[in-house]
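Enquirer: Quick note on numbering: the sequence shown equals residues 736 to 888 in my numbering. By construction, the Cβ of each residue, glycine as well, lies at the ideal position given by its N, Cα and C atoms.
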Amino acid sequence: MNVLIANAGTWGPERIESPDEGEAWIEAFRVNSIAPVLLATALLDNVAAARGRLIALTSRMGSIADNGSGGSIPYRSSKAALNAAWKSLAIDSARRQVVAAVLHPGWVKTRMGGTAAPLPPADSVAGMRRLIADLSPRQSGGFFDHDGTPIPW
Ligand SMILES: NC(=O)c1ccc[n+]([C@@H]2O[C@H](COP(=O)([O-])OP(=O)(O)OC[C@H]3O[C@@H](n4cnc5c(N)ncnc54)[C@H](OP(=O)(O)O)[C@@H]3O)[C@@H](O)[C@H]2O)c1
736 MNVLIANAGT WGPERIESPD EGEAWIEAFR VNSIAPVLLA TALLDNVAAA RGRLIALTSR
796 MGSIADNGSG GSIPYRSSKA ALNAAWKSLA IDSARRQVVA AVLHPGWVKT RMGGTAAPLP
856 PADSVAGMRR LIADLSPRQS GGFFDHDGTP IPW
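#1: What residues match up with residue 877 in a beta bridge as DSSP calls it?
#2: Reducing DSSP to helix, strand and coil, say where residue 788 ends up.
#3: Quick check: is any heavy atom of ligand 1 less than 8 Å from the C-beta of residue 802?
#4: Residues near ligand 1, CB to any non-hydrogen atom under 6 Å, in chain order?
#5: Smallest Cα separation from residue 830: which of 860, 779, 795, 805?
#6: According to DSSP, is residue 741 part of a helix, a strand, or is it coil?
#7: Would you decide whether residue 884 is buried or exposed? Buried here means 16 or more other CB atoms lie within 10 Å of its CB.
#8: Where do the N-terminal and C-terminal ends of the alpha helix (DSSP H) with residue 760 fall, by residue?
#9: Just curious, the alpha helix (DSSP H) that residue 823 is in, first and last residue?
#10: Which residues mark the beginning and the end of the alpha helix (DSSP H) in which residue 856 is found?
#11: Only counting the same chain, and skipping five residues up and downstream in sequence, which positions put a Cβ closer than 7 Å to that of residue 870?
#12: Using a Cβ-Cβ cut-off of 8 Å (strictly less than) and excluding sequence neighbours within five positions of residue 767, which residues of its own chain qualify?
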């Protein structure tokens, strides 16, 4: 099984009140939304030849349905855009027997997650590895937590 995992992500600016912060928001879109899709389309033929998987690391914060606290507009909007794009990739590549999904890794103790995060990286990765291996074509186009629980859009 060949798997492409688009993992790189950036938090972006917390406030968007100045032109410079607007530019930083655009940069968050470059990294979080556009680059993963360019990566996937560049390697789609290779993944399709292996009937493989296209996986992007998104965030629960990109869920519009789950947004109960507001804030973090650049991060939330750039991950929501990634989610929308990945859904189309899943539909467009289904006839080539590619399975595509966006995964939330949990709140993980990394540079981005910070020291207060409850989940060690090894546990997050172990869950996502199981999920990626088990994803069925029926689940393609889905948005899942690291333990396989579906997340609402
Ligand atoms: N940690 C969490 O709790 C959490 C929760 C939800 C979603 N996520 C998502 O999970 C993924 C991994 O995050 P993380 O927690 O490991 O974050 P992290 O500790 O901040 O690491 C981010 C990674 O992205 C790379 N990156 C950022 N901007 C880049 C750019 N312009 N070009 C190339 N690489 C770039 C970084 O490379 P360098 O090391 O070279 O800077 C680093 O490897 C991200 O997509 C993030 O949004 C994380």
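Expert: This is what the structure holds:
#1: 836
#2: strand
#3: no
#4: 742, 743, 744, 745, 766, 792, 794, 839, 840, 842, 843, 845, 846, 847, 848, 852
#5: 779
#6: strand
#7: exposed
#8: 754–764
#9: 808–828
#10: 856–869
#11: 788, 834, 836
#12: 744, 745, 747, 810, 813, 814, 816, 817
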